[in-house]
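In order, the protein sequences belong to chains E and A.
Residue 108 in our numbering sits at position 79 of the first sequence, and the numbers go up by one each step.
Residue 3 in our numbering sits at position 14 of the second sequence, and the numbers go up by one each step.
For every residue, glycine included, the Cβ atom is placed at its ideal position computed from N, Cα and C.
Since the structure is predicted, the reported quantities are computational estimates derived from the model, not experimental observations.
Report on the structure given below.
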Amino acid sequence: GAGVSQSPSNKVTEKGKDVELRCDPISGHTALYWYRQSLGQGLEFLIYFQGNSAPDKSGLPSDRFSAERTGGSVSTLTIQRTQQEDSAVYLCASRLAGTSTDTQYFGPGTRLTVL
Amino acid sequence: RKEVEQDPGPFNVPEGATVAFNCTYSNSASQSFFWYRQDCRKEPKLLMSVYSSGNEDGRFTAQLNRASQYISLLIRDSKLSDSATYLCVVKGATTDSWGKLQFGAGTQVVVTP
């Protein structure tokens, strides 16, 4: 079946511009995560959506970052006034909560380069 | 101290050999553990889940040592295709801990001919 998809796969932007990254989770998955991964580093948690609960935004590095999840499905991560340190791969993952197989499925990521 | 720590490696392994490496975690209440593999410039993919003392899947064996708070991954009969970065993921004990997964920075394994 279809996995997690993300778009765009690559994004090059100029410092100060806003960007929007999209994540389409696996159909029916109620949990959705955003992470970012800088070159050679581990995954940094950004935000977590679970069903209709208020999202856990504790990982967002600044107020320039925001995310929403419409209709419990597609999610958009928005970075305003991008900075060079925002350059990273942004990974989305989804999970079918409430099952015995607690597996996160990752999308291919969006590679963001801020010039 | 990081909540999940891994030796970054690289572990250079001759093809056919066995390699093992550990992941230590700081939260003694952690309940679930996972090993993901991540190929270069690719997304992480689940390799194994570890809920009790260990798990085995073919050439891969994961063991959990709660007393010393570490999990290990052992790869037997290494293949060239095993070359990747192996990420350790730790989940806490509370029901909302799915939002608090802790990722290690990964251990790089390079299998050589």
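Residue-level contact to chain E via CB, residue i, 8 Å cutoff
i, result
"A/Pro(-1)", "no"
"A/Phe92", "yes"
"A/Gly43", "no"
"A/Glu32", "yes"
"A/Gly5", "no"
"A/Gly81", "no"
Contact under 8 Å by Cβ, residue i with residue j
i, j, result
"E/Gly45", "E/Thr111", "yes"
"A/Gly93", "A/Val(-7)", "yes"
"A/Gly95", "E/Gly32", "no"
"E/Val41", "E/Leu106", "no"
"E/Ala83", "E/Ser123", "no"
"A/Val98", "A/Pro(-1)", "yes"
"E/Ala117", "E/Leu141", "yes"
"A/Thr74", "A/Gln27", "yes"
Alpha-carbon spacing of residue i relative to residue j, whole angstroms
i, j, result
"A/Ser57", "E/Glu43", "48 Å"
"E/Asn39", "E/Asp47", "15 Å"
"E/Leu68", "E/Tyr119", "11 Å"
"E/Leu125", "A/Val100", "34 Å"
"A/Cys12", "E/Phe74", "19 Å"
"A/Gly47", "A/Lys68", "13 Å"
"E/Cys52", "A/Leu53", "34 Å"
"A/Val8", "A/Gln(-5)", "15 Å"
"E/His58", "E/Ile76", "16 Å"
Interface flag, residue i vs chain A, CB-CB below 8 Å
i, result
"E/Phe94", "no"
"E/Leu89", "no"
"E/Thr139", "no"
"E/Thr59", "no"
"E/Leu106", "no"
"E/Thr132", "yes"
Nearest to residue i (by Cα), restricted to the options the options
i, options, result
"A/Phe36", "A/Thr50, A/Ser42, A/Leu90 and A/Asn54", "Here residue 36 of chain A is Leu; the residue named in the question, Phe, does not match the sequence. Residue A/Thr50 is the option with its Cα nearest to A/Leu36."
"A/Val79", "A/Pro33, A/Tyr59 and A/Thr7", "A/Tyr59"
"E/Asn81", "E/Gly88, E/Gly136, E/Arg98 and E/Ser91", "E/Arg98"
"A/Tyr40", "A/Ala18, A/Ala9 and A/Ala73", "A/Ala18"
"A/Tyr25", "A/Ser42, A/Ser61 and A/Pro102", "A/Ser61"
"A/Glu45", "A/Asp(-4), A/Arg65, A/Ser15 and A/Tyr75", "A/Arg65"
"E/Gln35", "E/Ser91, E/Gly136 and E/Ile55", "E/Gly136"
"E/Gln66", "A/Ala6, A/Pro33, A/Gly5 and A/Phe22", "A/Pro33"
"E/Gln109", "E/Gly100, E/Ser95 and E/Ile55", "E/Ser95"
Selection of the segment 34 to 68 of chain A by Cβ proximity to chain E, strictly under 8 Å: Lys34, Leu35 and Ser38
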